[in-house]
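Heads up: the structure comes next, in structure tokens.
Residue numbers (my numbering): 37 to 604.
As structure tokens, then:
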């Protein structure tokens, strides 16, 4: 009992008033939760999408109202009855409970599904009010409400393949273009549907019956499998072709479902291979390329270093029993083989020659042009052609890809070519009798072969052609000369006592002749440039000699004085 003093100034003086007992309030809200007729199956599969409806009443058991703008989170978890960590099911964020007075409640409808991956077992569903701790409550221990027990089976996808039909021949030849359509079903043997939007790769391979690595044929990338229900299937068709690289043997056509492991957590990962066709007998490729060389256009004899050109007609034949694939290209190589040994000299390789679609027994003709290299060694050669020299085609016989022409041609060593440089400037218009002229000259070996010592000679002739009637004026020794090397010197031209036909003044030619002794084999072209003819006039002169007349001078111009230069 409590008393208070009446301080109101009542007549009779102060008196005591009897008061009723009163509980002192905390002034804080207290949120609680209660499940009202939840619709929960007795048993379900995690991840199968079965809806669970949880009507929740959120009540304020405190003595203070919630703020008018108050929002809270509400979390639903699955709690194992045998102990263990809660499994998050769903959290509803920002639910409005503002203004909830003491003693009042608000009904919320929560719809959830159990997530995939929950382990098999018994659970209760627990609703946590204000799971984010947004409200300061007088009691934080009474914020949960639990359901009755629910039996949960772990939900799993399990993809398998099932053969339907295959049109691939049971016996075929690799590389012959054998192809067929394989129909199969991708089925879900699990107990939940494949997640929406999920895609997977499916690879089709040949698997050797006796063991060994799979041979890839084709991959279907990104096949849509999302939403595939448990027990359902999706039919697919893939066209495959057997490549030429497959060796002879027995094979199974196998589909590898989910080849890239795009679908996680399958019930079984060891049942993803499906045999679509078994015991396919593959025979080895029967393509066999051969070549034949018709008469090439090539000189019977060539000179090393002259880069002679040749044209070679080549016929490529498919001696196998199957056509070459469309678009097939090969390399053809022309080579020269030295008779008696010494290896081959590759003249030219033609890359990417088209032979695609060449049928069994058919042939294709090509004309190949090449140039003999400068550095070919001297000797006798035959012409050969290598077909498929790059090894692009798998053949039944790789030993018959070379053809040799029966004819031969000879490569001779390179020749020298001696050339005298023309005298610079104008040659003297007159040559006087009884004189000695000193002529500067230069001889160069413009060929590809070295020479020893040779002779340069100058003759006086009535015409521009060298003949036995021409009179020798003078000569000097030249060389030896390597290819490209020159020899400069002076040759004395003596016009004294020449006799007929130069016993009178007349028009004449001074002939400068290299290799005057004919010691060097220069070939027809080289021999044709061995003579330079300078026109002049031969004049008889009865005056006594004045000494040697020099055909010299830096400018190479004829001067009328006693010193005259002819610069070669």
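Just so you know, even glycine gets a beta-carbon here, dropped at the ideal spot from N, CA and C.
| query | result |
| --- | --- |
| Residue from 115, 203, 85 whose Cα sits closest to the Cα of residue 155 | 115 |
| Short Cβ contact (8 Å threshold) for residue 335 with residue 285 | no |
| Bounding residues of the alpha helix (DSSP H) (the contiguous stretch that carries residue 258) | It is not in any alpha helix (DSSP H) - residue 258 instead sits in the beta strand (DSSP E) that spans 251-260. |
| Buried versus exposed, by CB contacts within 10 Å (16 or more), residue 387 | exposed |
| Residues that DSSP places opposite residue 422 in a beta bridge | 369, 438 |
| Environment of residue 489 [buried if 16+ CB atoms lie within 10 Å] | exposed |
| Euclidean distance between Cα positions of residue 530 and residue 557 | 29 Å |
| Residue 173 in three-state terms, based on DSSP | coil |
| Residue 540 classed as buried or exposed, judged by whether at least 16 other C-beta atoms fall within 10 angstroms | exposed |
| Inter-stretch contact at 8 Å, needing at least 3 Cβ pairs: the region 97-111 / the region 160-170 | yes |
| The region 301-315 in contact with the region 401-418 per 3-pair CB rule at 8 Å | no |
| Cβ pair residue 189, residue 227 closer than 8 Å | yes |
| Coil, strand or helix - residue 213 by DSSP | coil |
| Opening and closing residue of the alpha helix (DSSP H) in which residue 562 lies | 559-563 |
| Option nearest residue 113 by Cα separation, candidates 80, 105, 123 | 123 |
| Residue 192 burial status per 10 Å Cβ neighbour count (16 or more: buried) | buried |
| Helix, strand or coil at residue 444 [DSSP, three-state] | strand |
| Residue 443 to residue 407 span [Cα, whole Å] | 18 Å |
| Neighbour-count burial assignment, residue 333, 16 or more Cβ in a 10 Å radius | exposed |
| Terminal residues of the beta strand (DSSP E) in which residue 71 lies | 67-71 |
| Boundaries (first-last residue) of the beta strand (DSSP E) holding residue 95 | 88-96 |
| Element boundaries [beta strand (DSSP E), containing residue 401] | 399-407 |
| Three-state secondary structure (DSSP) of residue 269 | strand |
| Cβ-Cβ distance between residue 510 and residue 527 below 8 Å | yes |
| Sub-8 Å separation of residue 360 and residue 392 beta-carbons | yes |
| CB of residue 463 within 8 Å of CB of residue 338, strictly | no |
| According to DSSP, residues forming a beta bridge with residue 197 | 222 |
| Classification of residue 476 by the beta-carbon crowding that lies within 10 angstroms, buried from 16 upward | buried |
| The region 201-215 / the region 251-260 touching (three or more Cβ pairs under 8 Å) | no |
| Sequence-distant residues of its chain with Cβ nearer than 7 Å to residue 508 (five each side left out) | 493, 495 |
| DSSP three-state assignment for residue 129, whether helix, strand or coil | strand |
| Between the CA atoms of residue 230 and residue 236 - distance to the nearest angstrom | 11 Å |
| Residue 323 and residue 358 closer than 8 Å at C-beta | yes |
| Straight-line Cα distance separating residue 83 from residue 187 | 14 Å |
| Cβ-heavy atom distance, residue 366 to the ligand GTP, below 7 Å | For the structure depicted, the ligand GTP is absent and the ligand set is empty, with no information on it obtainable. |
| Contact belief for residue 67 with residue 94 at Cβ below 8 Å, rounded distance in angstroms | 6 Å |
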